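**Student:** Below you'll find the structure I mean.
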């Protein structure tokens, strides 16, 4: 590509705003996290002392940290399976219809615009002990619902709210993926006498696998970061840490307990985790696995 | 066509309608509950149909300070709008200039600059939340709109997308502009911007929704109610009281909070789908 060669100063002028903001609000705090992870602050925040890997050892030895890791992993798996399964089903259906496809797409994608905090609130209302429509429905089946006391039900509440919110995101990508599959492939298979189910398993699913893998990573990232708001508006991490994810714990340790060393070590571990996820994703997308 | 069968089509519509209803139900129930009085709601199960107190509930939120918060919903929604527009416009503006520099100029450390920006792509503010608070506090920006906006636009999603879109512009265009004697600014204004309209609109939709829905960062950066956003105010309505939450107000606030981003998605559906599939992939 030809460029404006004679302008030496202009590109720096154009880049300056973004570079400045990224330097101050990204690299500085990120470096600070990295540094503080190796220091311990004294009780009054007056001095600090280098402790090597002690913060990391403390985090790794804490049962609460591993509980949060387990909660986050289970949370991710449940949301990924639920939100991707539902989205795939609805996308396949929406891809089939001739009439009203546009309307269906709008009616199934609007939950993307709902803030995770609001999603949490709406589902807490559905499951309210007094008013909740679902609480009453479950009572009809003899199930007593109390997400404030029952750890499993608390996790289920935030999982359902997250699936509801994340489904529409997955739906958009699956539908786009389905629409990219050449019709000639499916027609050829139909002429060969393959049943709709065979066509789906043999052609559609393999061609959707890159999309599905991408969504798997994005759903995990969603659970890692966005569900903080859902949790903070519903279960507050409880009961007994049953819904305390890694980011929720980071927030509690950093801003409630004011344990800078531990929260910085957790930040660094989180960066490594997200970095690994990103790396895996880029490697995968580079290879563009398709059958 | 062999694979379009009438009974299968009917089943498809039926299942899709079921999906639409299930996904609409939580918002529908919030909408109906927000039109009842507190007394109505305490007597049993959430109503499926509208009551008569809708205007009163919404008017109370919009005109009077919310208990435990001290500002009205109007103020909260206004703050959300400032933050969402600030993030959308700010991010697009700085990314546009940076992407333009990276694609249309040659200068030392060009690749390094690109990677410095690119690295921010996947690490959201949550992973560096504690030191970010420290940095923003050091500049005295806690409880200011700038403090709420700046850390959230320190990311490269928009730069990355615009770089791709600039690189796909035809080479002849650039040469024609050079022959006309167009400098960098004229080329940007008269050629690149008009041709990137769709991408800019798509980016705007995604960034507006992203900004409007932010939670953890404004929760920390907006210490006083004067800067609180609609999204972070909801917790106050539901969890501040020991008694039954005032659900008629909480649901009304929730409805008002989701209205602007949902309206944007529906009105700009085409740009939304494009923006989503482009910014993330």
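Protein chains in written order, with the working numbering: chain A, 65 to 355; chain B, 67 to 347. Where is the CB? At the ideal position from N, CA and C, for every residue including glycine. The structure displayed is predicted, hence computed values, not measured ones.
1. Mark residue 246 of chain A as exposed unless 16 or more other C-beta atoms lie within 10 angstroms of its C-beta, in which case mark it buried.
2. Check whether the Cβ of residue 160 of chain A lies closer than 8 Å to any Cβ atom in chain B.
3. When burial is assigned at 16 or more other CB atoms within 10 Å of the CB, is residue 252 of chain B buried or exposed?
4. Residues bridged to residue 112 of chain A by DSSP?
5. Against chain A, with Cβ distances strictly below 8 Å, would residue 158 of chain B count as a contact?
6. On the criterion of 16 or more Cβ atoms from any shown chain inside 10 Å, does residue 346 of chain A qualify as buried, or is it exposed?
7. Check the Cβ of residue 183 of chain B against every Cβ in chain A and list those closer than 7 Å, keeping chain order.
8. Just the chain B side, please: which residues come within less than 8 Å of residue 141 of chain A by C-beta, in chain order?
9. Taking beta-carbon pairs under 7 Å, can you tell me which members of the region 196–220 of chain B lie near chain A?
10. Counting only beta-carbon atoms, is residue 79 of chain A nearer than 8 Å to chain B?
11. What number of angstroms, rounded off, separates the C-alpha of residue 173 of chain B from the C-alpha of residue 259 of chain B?
12. Using the C-alpha atoms, what's the distance from residue 325 of chain A back to residue 274 of chain B?
13. Would you verify that the beta carbon of residue 344 of chain A is, or is not, closer than 8 Å to some beta carbon of chain B?
14. Roughly how many whole angstroms lie between the Cα atoms of residue 289 of chain B and residue 311 of chain B?
15. What residues in the region 310–329 of chain A have a beta carbon less than 8 Å from any beta carbon of chain B?
16. Start and end of the alpha helix (DSSP H) containing residue 273 of chain A?
17. With residue 317 of chain A and residue 331 of chain A assumed to form a contact (beta carbons below 8 Å), what rounded beta-carbon distance in angstroms separates them?
18. Which residues in the same chain as residue 128 of chain B place their Cβ atom closer than 7 Å to its Cβ, once the five residues preceding and following it in sequence are excluded?
19. Note down, in chain order, every chain A residue with its Cβ under 8 Å from the Cβ of residue 79 of chain B.
20. For the region 198–231 of chain A, which residues have a beta carbon sitting closer than 8 Å to at least one beta carbon of chain B?
21. Helix, strand or coil: how does DSSP classify residue 161 of chain A here?
22. Less than 8 Å between the CB atoms is what I'm expecting for residue 73 of chain A and residue 171 of chain B, so what's the real figure, rounded?
23. If the cut-off is 9 Å on Cβ atoms, which residues from the region 268–290 of chain B count as contacting chain A, listed in chain order?
24. Compute the Euclidean distance between the alpha carbons of residue 216 of chain A and residue 306 of chain A, then round it to the nearest angstrom.
25. Mind checking whether residue 248 of chain B and residue 256 of chain B have CB atoms under 8 Å apart?
26. Hey, is residue 317 of chain B's beta-carbon within less than 8 Å of any beta-carbon in chain A?
**Tutor:** Reading it off the structure:
1. exposed
2. yes
3. exposed
4. A:105
5. no
6. exposed
7. 82, 86
8. What residue 141 of chain A touches in chain B: nothing, since even the nearest Cβ is about 20 Å away.
9. 196, 197, 198, 200, 201, 216, 217, 219, 220
10. yes
11. 22 Å
12. 35 Å
13. no
14. 23 Å
15. 311, 314, 315, 318, 319, 324, 327, 328
16. 269–289
17. The Cβ separation is near 10 Å, so there is no contact.
18. 138, 139, 140
19. 161, 164
20. 200, 228, 231
21. coil
22. Between residue 171 of chain B and residue 73 of chain A the Cβ distance is about 10 Å, and since that is not below 8 Å, they are no contact.
23. 275, 278, 279, 280, 281, 282, 285, 286
24. 7 Å
25. yes
26. yes
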